[in-house]
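Heads up: the structure comes next, in structure tokens.
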Amino acid sequence: MERIFSKIAKLQPDRMAVSCGTERMTFAELDRFVTIVGNRLRRMGMEEGDRFCIMARNSVQWYAMLMVADKFGFSLVPLNYRYKFDEVNYIIGDSDAKALFLDEERVAVLEGRRGELPQAVKGRVFCISEKGRSGDWFQSFSSLLDDPDDQEPVDIPHVHGATLMNYTAGTTGRPKGVIRKGMSRDVVLAMREYLADFWGYRPEDTHGVFGALYHGAPMMHAYMNTVMGASVVILPVDKGFKAEDALKMIQDYKVNTAHMVPAMFIRILDLPEETRRKYDMSSLRKVMHAAAPCPTEVKWKIMDYFGKGVVWEYYGGSEGGGTMITDEEWRRKPGSVGRPWPMAEVRIYDDDGKELPPKEIGTIYMKAGAFGFEYHKDAKKTEDAYIEGFFTMGDMGYLDEDGYLFIVDRKSDMIISGGVNIYPAEIENTIFSHPAVLDVVVFGVPDEKWGEAIKAVVQLKEGTKATAEEIIRWCEERLSKIKKPKSVDFVDALPRDINGKVYKRKIRDKYWAGRKTKVV
Numbered sequence: 024m025e026r027i028f029s030k031i032a033k034l035q036p037d038r039m040a041v042s043c044g045t046e047r048m049t050f051a052e053l054d055r056f057v058t059i060v061g062n063r064l065r066r067m068g069m070e071e072g073d074r075f076c077i078m079a080r081n082s083v084q085w086y087a088m089l090m091v092a093d094k095f096g097f098s099l100v101p102l103n104y105r106y107k108f109d110e111v112n113y114i115i116g117d118s119d120a121k122a123l124f125l126d127e128e129r130v131a132v133l134e135g136r137r138g139e140l141p142q143a144v145k146g147r148v149f150c151i152s153e154k155g156r157s158g159d160w161f162q163s164f165s166s167l168l169d170d171p172d173d174q175e176p177v178d179i180p181h182v183h184g185a186t187l188m189n190y191t192a193g194t195t196g197r198p199k200g201v202i203r204k205g206m207s208r209d210v211v212l213a214m215r216e217y218l219a220d221f222w223g224y225r226p227e228d229t230h231g232v233f234g235a236l237y238h239g240a241p242m243m244h245a246y247m248n249t250v251m252g253a254s255v256v257i258l259p260v261d262k263g264f265k266a267e268d269a270l271k272m273i274q275d276y277k278v279n280t281a282h283m284v285p286a287m288f289i290r291i292l293d294l295p296e297e298t299r300r301k302y303d304m305s306s307l308r309k310v311m312h313a314a315a316p317c318p319t320e321v322k323w324k325i326m327d328y329f330g331k332g333v334v335w336e337y338y339g340g341s342e343g344g345g346t347m348i349t350d351e352e353w354r355r356k357p358g359s360v361g362r363p364w365p366m367a368e369v370r371i372y373d374d375d376g377k378e379l380p381p382k383e384i385g386t387i388y389m390k391a392g393a394f395g396f397e398y399h400k401d402a403k404k405t406e407d408a409y410i411e412g413f414f415t416m417g418d419m420g421y422l423d424e425d426g427y428l429f430i431v432d433r434k435s436d437m438i439i440s441g442g443v444n445i446y447p448a449e450i451e452n453t454i455f456s457h458p459a460v461l462d463v464v465v466f467g468v469p470d471e472k473w474g475e476a477i478k479a480v481v482q483l484k485e486g487t488k489a490t491a492e493e494i495i496r497w498c499e500e501r502l503s504k505i506k507k508p509k510s511v512d513f514v515d516a517l518p519r520d521i522n523g524k525v526y527k528r529k530i531r532d533k534y535w536a537g538r539k540t541k542v543v
């Protein structure tokens with residue numbers, strides 16, 4: 024089955040396929056690039072099903088490597104470009120990668136310990152930068168193009184490695200690779216068309232990518248657009264997400280669809296109103312968001328800014344999904360992440376494996392048709408994630424009487440104070456609604472009497488003031504007494520990754536320093 028983007032390369036060769044900053048590729052250029060690089064990697068010994076790692080900032084070349092994996096049946100393993108050597112080296116070895124792609128900065132990160140890299144990638148390390156140099160342990164990216172073989176492969180892969188193997192951050196221990204199961208190439212091609220239609224993506228669209236490509240969600244939503252023939256525009260995000268740059272990109276490229284996370288909404292809404300009004304958002308038809316809970320106050324405001332019907336939310340992860348909720352549904356069910364999408368099911372189980380009725384909080388389990396996953400080299404973790412064919416990512420929530428899912432919090436983030444289970448997300452949502460608050464994280468800290476006490480760490484909006492007592496009083500007026508923070512600290516900025524997820528553990532750990540366990 025010929026890929027749609029390959030057909031467009033013949034019918035509309037000069038149409039833009041992908042752009043990032045000043046770099047761009049037309050469909051003809053992308054298709055030829057993908058074929059040449061894939062053929063060269065094959066000649067270097069890579070075979071269908073082999074994996075390669077990539078650790079680099081957003082670029083056209085980064086994105087093109089995703090399409091190389093898709094066309095030749097390789098599996099791409101994206102690495103957070105902020106990782107240190109030991110983190111990188113673990114995933115390279117654990118994933119059994121056969122090649123490694125780095126940008127200039129990451130070459131410098133690995134330089135001093137290059138001798139410790141797994142033997143399997145040695146000889147196949149490339150500097151992915153457009154003007155990437157060669158060294159004694161890595162090759163320039165351009166060397167892959169030196170001997171151009173742009174002949175279409177005759178043996179199109181028939182088994183699909185899902186093109187991608189993401190590593191979950193996890194809450195304990197080392198991250199684990201997620202391998203999707205039961206996905207033949209024909210099934211995947213059919214599913215891509217079905218899901219693109221389900222998400223409402225169209226070949227004539229321009230899709231915006233505002234997060235780092237190493238994160239699975241923005242990458243895979245962009246991928247779905249490319250394989251069906253839409254153009255993709257990628258924000259460079261070299262120094263993090265810049266809200267005004269994002270709005271300018273939407274306006275200049277007339278972006279129709281996009282994937283964002285709540286932290287991006289917060290940054291956009293924090294811009295002065297006159298700045299937001301400068302930019303035309305009328306091209307937007309759909310903005311999907313996920314990855315973290317969205318405070319209801321933020322959700323209402325961003326729906327008003329982007330326009331009625333534009334903002335849709337879904338719930339899922341590397342392991343699968345999931346649920347989705349439209350703008351219209353969310354206005355009727357504020358706080359919900361929706362109902363199961365086609366072929367998916369959702370159940371709520373208690374700690375004893377008993378399915379719970381509507382309105383009762385438990386662990387969220389999902390099932391995505393006949394498809395499943397396994398954690399690479401960890402049969403026990405895979406087994407523990409399943410009940411009766413349904414898997415969990417460790418989140419807590421409940422279904423209402425209409426089948427809409429509400430997420431309460433991550434099980435690992437739950438605070439137990441005086442024997443009562445308290446979910447930080449609800450408290451964070453309340454504090455977010457304070458007019459002076461830009462960002463907040465809530466967690467448990469040691470308390471000799473109650474076991475854990477509720478701590479809030481708050482970042483205020485520039486030019487505003489608030490005291491700890493004021494924040495606590497704000498919560499006391501809106502939440503039951505057991506949910507109000509016992510203490511509030513203020514910081515200049517909360518540490519979040521480039522995709523908006525807060526590094527809660529980094530903040531929380533200093534309050535637990537010196538203790539052997541996180542239990543009082």
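Residue numbers for the sequence shown, in the working numbering: 24 to 543. No residue lacks a Cβ here, since even glycine has one placed at the ideal position from N, Cα and C. Since the model is a prediction, treat every value here as computed from it, not as a measurement.
Helix, strand or coil for Ser306, going by three-state DSSP, please let me know.
-> Position 283 of the sequence shown, counting from 1, holds the residue named residue 306. In the structure shown, Ser306 sits in coil (DSSP, three-state: anything other than H, G, I, E or B).
Which residue from Thr349, Phe56, Met78 and Cys43 puts its Cα closest to that of Trp364?
-> As a first step, residue 364 must be located in the sequence shown, where it is residue number 341. If we check each option's Cα against that of Trp364, Thr349 comes out closest.
Go ahead and label Ala402 buried or exposed: buried means 16 or more other beta carbons lie within 10 angstroms of its beta carbon, across all protein chains shown.
-> Along the sequence shown, one-based indexing puts residue 402 at 379. With fewer than 16 other beta carbons inside 10 angstroms of its own, Ala402 counts as exposed.
In three-state DSSP terms, what is Thr195?
-> Walking along the sequence shown from the start, residue 195 turns up at place 172. Reliability of the predicted coordinates at Thr195 is poor, the pLDDT of 48 falling under 50, and no value is obtained from them.
Report buried or exposed for Thr194, applying the criterion of at least 16 other Cβ atoms within 10 angstroms of its Cβ.
-> Here residue 194 corresponds to residue number 171 of the sequence shown, with the count starting at 1. Reliability of the predicted coordinates at Thr194 is poor, the pLDDT of 46 falling under 50, and no value is obtained from them.
Can you name, in chain order, every residue of its own chain whose Cβ lies under 7 Å from the Cβ of Lys446, other than the five neighbours on each side?
-> For the purposes of this step, residue 446 is taken as residue 423 along the sequence shown, with counting starting at 1. A small fix is needed here, since residue 446 is Tyr in this sequence, not Lys. Within the same chain, Met419, Val431, Asp432 and Met437 come within 7 Å of Tyr446 by CB-CB distance, once the 5 residues on both sides are set aside.
Looking at C-beta atoms only, is the number of pairs between the segment 494–506 and the segment 453–468 that lie closer than 8 Å three or more?
-> With a cut-off of 8 Å, the segment 453–468 and the segment 494–506 count as touching, because enough Cβ pairs lie within range.
Is Asn279 helix, strand or coil by DSSP?
-> If you number the sequence shown from 1, residue 279 lands on position 256. The three-state reading of DSSP puts Asn279 in coil, since its state is none of H, G, I, E or B.
Which word fits Gly184, buried or exposed, when buried means at least 16 other C-beta atoms lie within 10 angstroms of its C-beta?
-> On the sequence shown, position 161 is the one that residue 184 refers to. Note that Gly184 scores a pLDDT of 47, beneath 50, so its modelled location is shaky; the value from the coordinates is reported in the next line. With 16 or more other Cβ atoms inside 10 Å of its own Cβ, Gly184 counts as buried.
Enumerate in chain order the residues of its own chain whose CB-to-CB distance from Ile505 is below 8 Å, with the five nearest sequence positions on each side excluded.
-> Position 482 of the sequence shown holds residue 505. Non-local beta-carbon contacts of Ile505 in its own chain, meaning distances under 8 Å to residues more than five positions away in sequence, involve Ser440, Gly441, Val443 and Ile445 in chain order.
Alpha carbon to alpha carbon, how far is Phe56 from Phe414?
-> Here residue 56 refers to the residue found at position 33 of the sequence shown. Here residue 414 refers to the residue found at position 391 of the sequence shown. About 38 Å.
Which first and last residues belong to the beta strand (DSSP E) in which Ile387 is found?
-> Position 364 of the sequence shown, counted from the start, is the residue given in the question as residue 387. For Ile387, the enclosing beta strand (DSSP E) has its first and last residue at Gly385 to Ala391.
Which partner residues of Ser163 appear in the DSSP bridge assignment?
-> Sequence index remark: in the sequence shown, residue 163 carries index 140 (1-based). Answer is Cys150, bridged to Ser163.
Taking Tyr372 as the reference, give the member of Pro357, Ala408, Gly339 and Ser359 with the closest Cα.
-> As a first step, residue 372 is located in the sequence shown; it is residue number 349 there, counting from the start. The shortest C-alpha separation from Tyr372 is found at Ala408.
Rounded C-beta distance between Trp85 and Leu236? I'm assuming under 8 Å.
-> Sequence index remark: in the sequence shown, residue 85 carries index 62 (1-based). Sequence index remark: in the sequence shown, residue 236 carries index 213 (1-based). With 8 Å as the limit, Trp85 and Leu236 qualify as a contact, their Cβ atoms being about 5 Å apart.
Alpha helix (DSSP H) runs contained entirely in the segment 489–520, provided each spans 4 or more residues = Taking only runs of at least 4 residues, the alpha helix (DSSP H) segments lying wholly in the segment 489–520 are 491–499.
Helix, strand or coil for Pro101 per DSSP?
-> Here residue 101 refers to the residue found at position 78 of the sequence shown. Correct three-state label for Pro101: strand.
Phe264 (DSSP reduced to helix, strand or coil) | Taking the first residue of the sequence shown as position 1, residue 264 is located at position 241. Coil at Phe264, not helix or strand.
Rounded straight-line distance, which links the Cα of Leu140 to that of Arg197 = In the sequence shown, the residue the question calls residue 197 occupies position 174. In the sequence shown, the residue the question calls residue 140 occupies position 117. When rounded, the distance between both Cα atoms is 18 Å.
Pull up the distance between the alpha-carbon of Thr490 and that of Ser359, whole angstroms please.
-> Here the question's residue 490 lines up with position 467 in the sequence shown. Here the question's residue 359 lines up with position 336 in the sequence shown. Spanning the two alpha carbons is a distance of roughly 31 Å.
When we look at the beta-carbon of Met389 and count the other beta-carbons within 10 Å, is it buried (16 or more) or exposed?
-> On the sequence shown, position 366 is the one that residue 389 refers to. Counting Cβ neighbours within 10 Å, Met389 comes out buried, since at least 16 surround it.
Note down the Cα distance separating Val41 from Glu267, rounded to an integer number of angstroms.
-> Locating residue 41 in the sequence shown gives position 18, where the first residue counts as 1. Locating residue 267 in the sequence shown gives position 244, where the first residue counts as 1. Rounded to the nearest angstrom, the two C-alpha atoms are 21 Å apart.
Candidates Ala367, Lys377, Ala51 and Arg299, of which the one nearest Asp173 by Cα | The count along the sequence shown starts at 1 and reaches residue 173 at position 150. Nearest option by C-alpha distance: Ala51.
Can you give me the Cβ contacts of Val130 inside the same chain, cut-off strictly under 6 Å, excluding the 5 residues immediately before and after it?
-> Residue 130 sits at position 107 when you count from the first residue of the sequence shown. Counting only Cβ-Cβ distances below 6 Å, and skipping sequence neighbours, we find Cys150.
Straight-line gap, Ile477 to Pro318 (C-alpha atoms, nearest Å) = Looking up residue 477 in the sequence shown gives position 454. Looking up residue 318 in the sequence shown gives position 295. Distance between the alpha carbons of Ile477 and Pro318 is about 19 Å.
Are there 16 or more other CB atoms within 10 angstroms of the CB of Thr386, so buried, or fewer, so exposed?
-> One-based indexing of the sequence shown puts residue 386 at position 363. With 16 or more other Cβ atoms within 10 Å, it is buried.
8 Å Cβ cutoff met for Gly231 and Val256 = As a position in the sequence shown, residue 231 is number 208, starting the count at 1. As a position in the sequence shown, residue 256 is number 233, starting the count at 1. For Gly231 and Val256, yes; Cβs fall inside 8 Å.
Cβ-Cβ separation, Phe396 to Val201 (assumed contact under 8 Å), whole Å | Working through the sequence shown from its first residue, we reach residue 201 at position 178. Working through the sequence shown from its first residue, we reach residue 396 at position 373. Their Cβ separation, rounded to whole angstroms, is 5 Å, which keeps Val201 and Phe396 in contact under 8 Å.
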